[in-house]
Each structure stands twice: as structure tokens, then as C-alpha cells.
Amino acid sequence: MIVLKGTLLSLAYLASPSLCLLNLGVPGISWSYDYVVVGGGTSGLAIAARLAEDPGVTVAVVEAGGHYEIEGGMESIIPGFAAASNTGTDPSDDSLLIDWNFDTLPLTAANDRVLRYARGKCLGGTSARNLMVYHRGTQKTYDQWADITGDSSWAWESVLPYFKKSCTLTPPDMTKRNKNSSVTYNADAFDNDLDGPLHVSWPNYGSPFSTYVEVGLEKIGILPGQDTNSGYLNGSAWAAATIDPSAETRSSSKTSFLPQFTLNFNVYAHTLAKKIIFSGTKARSVKVETLGISYTLTAKKEIIVSAGAFQSPQILMVSGIGPKSTLQELGIKVIKDLPGVGQNLWDHALFGVVNRVNVVTASRLVNDALAAAEALAQYAFQKGPLTAPGFGVLGWEKLPNDIRKHLTNSTREALSAFPSDWPEVEYLSLDGILDGWHSADDQNLGDGYEYGTIAAALVAPLSRGSVSINSTDTAEPPLIDLGYLTHPADREVAVAALKRARQAFNASGVTIPGVDEHRPGPDIQTDEEILDFIRSTIVPVWHAAGTCAMGNSSNPDAVVDSNGRVIGVQNLRVVDASIFPTLPPGHPQSTCYMVAEKIADNIRNGN
């Protein structure tokens, strides 16, 4: 009966023409593979696909979700709908099939707010849910990784080839982009001869609002023309995106890396990993469940956990790896006491300044049905605002000296721990209203006006959160404490960053004379008032990382070694953003792909 149910389930998956080229595992039947990858997200599909390039190796991917193109619809495919496809950060916002719909613990330093935190629950993971920004961290970010891990192979010059291996660059099409949206890039930062699977390009649209933001940033000292893929960030740039230029659609780990009908590669979709089963300290198999059917997938070589910064530590803990006290409270047999599991949670947090503006923004698409129809018509010819995922110009800076001198000595000292090329604040030009990042419908004020946001993100955060569990069942959500603003330095930098965003707006020439600032509003002026506004509106940029951090043997909080191997056990690795020892400034998806490429090579080389 179980076999019949599993077979029928597989046939149901195959009924969709878009899935016919996938080789699907049969739910309900226990099976053995060389490698079992838990999580079919950004890093998971990339490392699984690279391992499966060896025809003598068998690989299974276990993914709790399904196919975002079907379950998420066009909003998950068309770049211009990326922001609209988010769940929003209010727990009352709609839940989505392709999202885990996690709610955080109350933010103790942000007015005890509970936030909905978007995480991809589908093949492609969060690469199917993000805003598609592609750039790399700074050179000294990765040099610091080498220092932290004691492994020089993580230094910038050593990891750059893996960035290049993962992607192919398509230059911007300036015949379709708006005037004054010229792009600066360094072609040598890519190597298209490698035929990297992931598409990196620029939207066929340059937001008029972003053009003005670029001017405003320049006038406050953040200079334009920065290439963001050669290891430098300070300055501003029109950001590249993971968009397939052949169709102007999202390029995710699913569309780029997932093999088509490869006999040595099986996908178990809508299948939840419940527990890793050990023989002594050797990881042997994964207990999984598909629609209530339980069975095991055995790994003859290794189990690779790629479930992300929240669920990689969760599955380690329910399997007996983590802080001893947490495991014992839940009656979990301790396989290895690793106190660092679930600790060291890094994330970038966001807030912003909103104004009515004198150019067309995405507000019109929300408010005006005719404008939305026109945008769809333009998209049919691969141009217009729907080719762009809602952002345009990004800027980064270390706070300038005239601001820095007003910070407390303790804040300046805390920030000095970051490398010299690591920016402290990122500024994002966002078409429309950022107001606690609610769903797109909440941007419809019904007033017919255009709005734009200059957002500021803390990209050198000193606050740390954590992930824990209160259940032995992975179907129950983990306990997520983001820790935003718990460090006093973050509070000081946040206030300074919002003031800088205001300066950029006022210098941009895009605001309307005589019209008051929409958010925070003209009544919010003192540092205390600004900080309270930030506490009330701060939201994630969805860059959670660091909860299974890499480290060397002398670090008691390290969870994995520099090859991603879980310390103290055998045949088990973690490969995703959770192993980042620090979270690079900016947007991390490029680093997720790099890590997967590098560790896949390590495995092939016997490391």
C-alpha cells in the first residue's frame, strides 16, 4: 500500500509538463545514495548538481516544498513582481505555499514586535523568493574568513574562481534601459568561458527614481560608478540581478543548476527531513516524510545539510547535535555537544525614508490598472518596469568623519573589528513605499501619487540573534530570535544612517517642494524620536546566516570545520549560509553559490 501511494504521488508530480524532465525519487521507498542533500535551496541544489556531474555518483535532494513556478505563479518568475510576492513582515499577512511563513520571537529591542520572515519552501529555496540582487562581498571579508578558519583557501583570491564558476554574465542592454541609467561593471570579474549555470545580468529598465537617488548619494559623498563584483563596495552602482536575459525571468538555483533527467540524481519534492540517524558518531541516513509516509534515505558517503540558517541548526539539534542543555531538556540523545549550533545569527536589518516624488515609480503599478496593463504589454517585449525587481541603485559607505566623530568611543571601537573595506551602511533605492515592508496591497494609499523610498540597511551589525527548538519535530517551526538593535552600536549607526538617507533625499531633486516627508515625517527629528521610529519599522533584508559557523579547532563555538564537516562526527556536512563565520556586507546569494561550488570541489578532491 505504501509503495502504491508513493508511486501515485510520483505520477501526480509527473502530470505537469514542466516537470517531465526531472528524475523524481519514489516516496515511501527507502533507498541508498552516495550523497543525500537535505534542502533544495540556493546552496543545496548547486552542490548536489556539481556532485552529480560524476556519473559514477548518485545524489538525492530532499526538499520540503515543490515547484515555485507552479505553486507561486508568475509572481515568483517575473522580476517586477518579486517584492509583491513577499509575504510581508506582519504575521497577519497572507501565507504562501512557497514560503515557510516563519514568525520570529518578539524583538526585545524593537518594541517587542513579531515579524513574519520570508524563507523559500520550494526547489530553489530563497533564490526563488529573493529580490535577485547579485554582487560579491569585499576582498577583506573573505580574507577575514581565512583568518577565522585558519584556512587560506577562503581568502579572496582563492574563492574568486568559484564565484566565476557559478555564473555567466550578460552585459546590460542600453537600448532598452532608461536614459541616465548607465552601468559600470568589470567583465574580468566573470569568466563566461566556464559556462556558469546562473544568469547574471541587468534589468531592461532603469528606474527614473533611482537615477535621482544616484545623484543624491553622490552629493552626500557616495560616488557612482562602482563595480560590485571585484571585491569593492564603497560607492554606488546599478546593481546586477539574477535574471535570465533570454526571457527576463528569475534565474534561481532550480532553473540554473537542477539537472534535467539525470539518472544518478533524484529529487524528493514535498518531502520533509525529520532526523539524521547515526551509528555511533557516524551519520548513516535521513528519516524523511512525504504526505505522512515515513521512510529513510541512506547515504553511502555523506549527508549534506543545506536547510538554511534557521533549519540547518534545527535538524542538527533534533538529531542530537547542539547545545547539550537544549537537547537534554527535550529528551534528545546527545550525539555531540556543540554549543555553537544555533548561535551567532547574523542578519541585515532595514528601515527607510519615504517621500512623494516627481517621477513615475512602482506606486503607479499598484494604484493604476491601466499602468499595470501597459507594463505587462511592455514585458511581452522584454522591457519596462516588470523586468526590474524593485530596486535600482545601491550605495555603500563607512560613515564619514563628520558623522563618525559624533559616535561614542565604544561604538567606534566596536566598528573597528570590521575590515577596512567593509561598509557599515547600505542604501537602497526602492520604487514605492517601504513602511514596515508590508505586502504590496498595503502600498496602495488610494491617493494617486508616486512614492519612493531610500532605505538604509545595517551591513556591519554587531547585534546577534539565535535559533533554538522547543520540539523534536522539524514540522514545528524553530525559535528565531533575530536580536535586532540589541547592541548599542547598532542603534547609534541606525540613527546616523536614517539621517544620511534624509540628506540624500533632500539632495536628489526628486522630492516635491511644499510636500512633507511621508515617513518618518517632519515631526520626527531628535535622535530619540528617530530611534523609536526605527524600532517601530525595522524589518529584515532576509540575509540570515552564521548559525552553524565555520571555525578552527581552537574555537569552542565552531560547528563545522573549513570544509563544512560537522565537528566531532563523521559523514556529515553543512553547506549553506549558516556556515558563514561572518555575514558579508550587502546581499549574500553570490556567496551561497560560491560556498557550494568550493565545497563540492573539496569533496571531489577527498577533503
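For the sequence shown, the residue numbers in mature numbering (1 follows the signal peptide of the UniProt record, and there is no 0) are -20 to -1, 1 to 587.
Every residue gets a Cβ at the ideal spot worked out from N, C-alpha and C, and that includes glycine.
| said: Tell me the DSSP secondary structure of Cys147 in three-state form. | reply: By one-based count along the sequence shown, residue 147 stands at place 167. Three-state DSSP puts Cys147 in a strand.
| field | Of the listed residues His115, Ser138, Gln240, Leu310, nearest to Gln206 (C-alpha basis) | value | One-based indexing of the sequence shown puts residue 206 at position 226. Gln206 has its Cα closest to that of His115, out of His115, Ser138, Gln240, Leu310.
| field | Best match in Ile283, Lys159, Gly586, Asn172 for proximity to residue 621 [C-alpha to C-alpha] | value | The structure shown has nothing for residue 621, since the chain only spans -20 to 587.
| field | Enclosing beta strand (DSSP E) for Val266 [first to last residue] | value | For the purposes of this step, residue 266 is taken as the residue at position 286 of the sequence shown. 262 to 270 is the extent of the beta strand (DSSP E) around Val266.
| message | Here's the rule I'm using: 16 or more other beta-carbon atoms within 10 Å means buried, otherwise exposed. How should Thr571 be labelled? | response | Taking the first residue of the sequence shown as position 1, residue 571 is located at position 591. When all chains shown are included, Thr571 counts as buried.
| Name the DSSP beta bridge partners of Phe331, please? | What you label residue 331 is simply residue 351 of the sequence shown in a count that begins at 1. Ala436, per the DSSP bridge assignment.
| By the 10 Å Cβ neighbour count, where 16 or more other Cβ atoms means buried, how is Val575 classified, buried or exposed? | Along the sequence shown, read from residue 1 onward, the residue named residue 575 stands at position 595. Buried is the call here.
| task | With a threshold of 16 other CB atoms inside 10 Å of the CB of residue 595, please say whether the residue is buried or exposed. | result | What is shown of the chain runs -20 to 587, which leaves residue 595 out entirely.
| Chain-order list of residues whose beta-carbon lies under 8 Å from that of Arg545 (same chain, five-residue window excluded) | Locating residue 545 in the sequence shown gives position 565, where the first residue counts as 1. Closer than 8 Å at Cβ, skipping near neighbours: Leu552, Arg553.
| said: For Lys144, tell me which candidate among Asp168, Gln124, Cys528, Gly428 has the shortest Cα-Cα distance. | reply: Here the question's residue 144 lines up with position 164 in the sequence shown. Nearest of Asp168, Gln124, Cys528, Gly428 to Lys144, Cα basis: Asp168.
| message | Taking the straight line between their C-alpha atoms, what separation do you get for Ala397 and Asp123? | response | On the sequence shown, residue 397 is found 417 positions in, with the first residue counted as 1. On the sequence shown, residue 123 is found 143 positions in, with the first residue counted as 1. Their backbone Cα atoms lie some 14 Å apart in a straight line.
| If you compare alpha carbons, which of Ile256, Lys254, Leu374 is closest to Ile202? | Stepping through the sequence shown from its first residue, residue 202 is reached at position 222. Looking at the Cα atoms, Leu374 is the closest of the given residues.
| task | Can you grab the Cα-Cα spacing for the pair Ser226 / Pro59, in whole Å? | result | As a working note, residue 226 is residue 246 in the sequence shown. As a working note, residue 59 is residue 79 in the sequence shown. Rounded to whole angstroms, Ser226 to Pro59 spans 13 Å at the Cα level.
| Ser162 versus Leu4 - alpha carbon distance | Residue 162 sits at position 182 when you count from the first residue of the sequence shown. Residue 4 sits at position 24 when you count from the first residue of the sequence shown. Cα to Cα, the separation comes out at about 44 Å.
| query | With a cut-off of 8 Å, do at least 3 Cβ pairs link the region 215 to 223 to the region 253 to 265? | reply | no
| task | Please determine, among Lys378, Gln358, Ser265, Ala90, the residue with the shortest C-alpha to C-alpha distance to Ala329. | result | Position 349 of the sequence shown, counted from the first residue, corresponds to residue 329. The shortest Cα separation from Ala329 among Lys378, Gln358, Ser265, Ala90 belongs to Ala90.
| task | Can you tell me which of Asp496, Arg30, Gly463, Asp411 puts its alpha carbon nearest to the alpha carbon of Asn244? | result | Working through the sequence shown from its first residue, we reach residue 244 at position 264. Checked all of Asp496, Arg30, Gly463, Asp411; the closest Cα to Asn244 is Arg30.
| task | Out of Asp415, Ser443, Ile9, point me to the one whose CA is closest to Gly463's CA. | result | Here residue 463 corresponds to residue number 483 of the sequence shown, with the count starting at 1. Selected option, being the one with the closest Cα: Ser443.
| query | Mapping DSSP to helix, strand and coil, what is Pro(-4)? | reply | For the purposes of this step, residue -4 is taken as the residue at position 17 of the sequence shown. With a pLDDT of 36 at Pro(-4), under the threshold of 50, the modelled position of this residue cannot be trusted; read the value that follows with caution. Helix, per DSSP.
| query | Nearest-angstrom Cα distance between Gly105 and Lys234? | reply | For this step, residue 105 is matched to residue 125 along the sequence shown. For this step, residue 234 is matched to residue 254 along the sequence shown. Near 8 Å, if we compare the C-alpha coordinates of Lys234 and Gly105.
| task | At 4 residues or longer, and completely inside the region 491 to 531: list those alpha helix (DSSP H) runs for me, N to C. | result | 507 to 517
| Spatially closest choice to Val337 from Ser187, Arg392, Thr242, Ala352, by CA coordinates | If you number the sequence shown from 1, residue 337 lands on position 357. Val337 has its Cα closest to that of Ser187, out of Ser187, Arg392, Thr242, Ala352.
| task | Check Gly444 in the structure and name its three-state DSSP category. | result | Indexing the sequence shown from 1 puts residue 444 at position 464. The residue asked about is misnamed: residue 444 is Arg in this sequence, not Gly. In this structure, Arg444 counts as coil in the three-state DSSP scheme.
| Secondary structure, alpha helix (DSSP H): runs of 4+ residues fully inside the region 217 to 300 | 233 to 237, 288 to 298
| said: With H, G and I counted as helix, E and B as strand and the rest as coil, what does DSSP make of Glu406? | reply: Within the sequence shown, numbered from 1, the residue matching residue 406 stands at position 426. Reduced to three states, the DSSP call for Glu406 is strand.
| task | On a CA-only basis, which of Arg230, Ile200, Phe371 is nearest Leu178? Give me that one, please. | result | Position 198 of the sequence shown, counted from the first residue, corresponds to residue 178. Closest by alpha carbon: Arg230.
| request: Sort Ala436, Pro152, Ser451 by Cα distance to Ser299 and report the nearest one. | output: Stepping through the sequence shown from its first residue, residue 299 is reached at position 319. The shortest C-alpha separation from Ser299 is found at Ser451.
| said: For Ser181 and Ile223, which I take to be in contact (beta-carbon distance under 8 Å), what is that distance rounded to the nearest angstrom? | reply: Taking the first residue of the sequence shown as position 1, residue 181 is located at position 201. Taking the first residue of the sequence shown as position 1, residue 223 is located at position 243. With 8 Å as the limit, Ser181 and Ile223 qualify as a contact, their Cβ atoms being about 5 Å apart.
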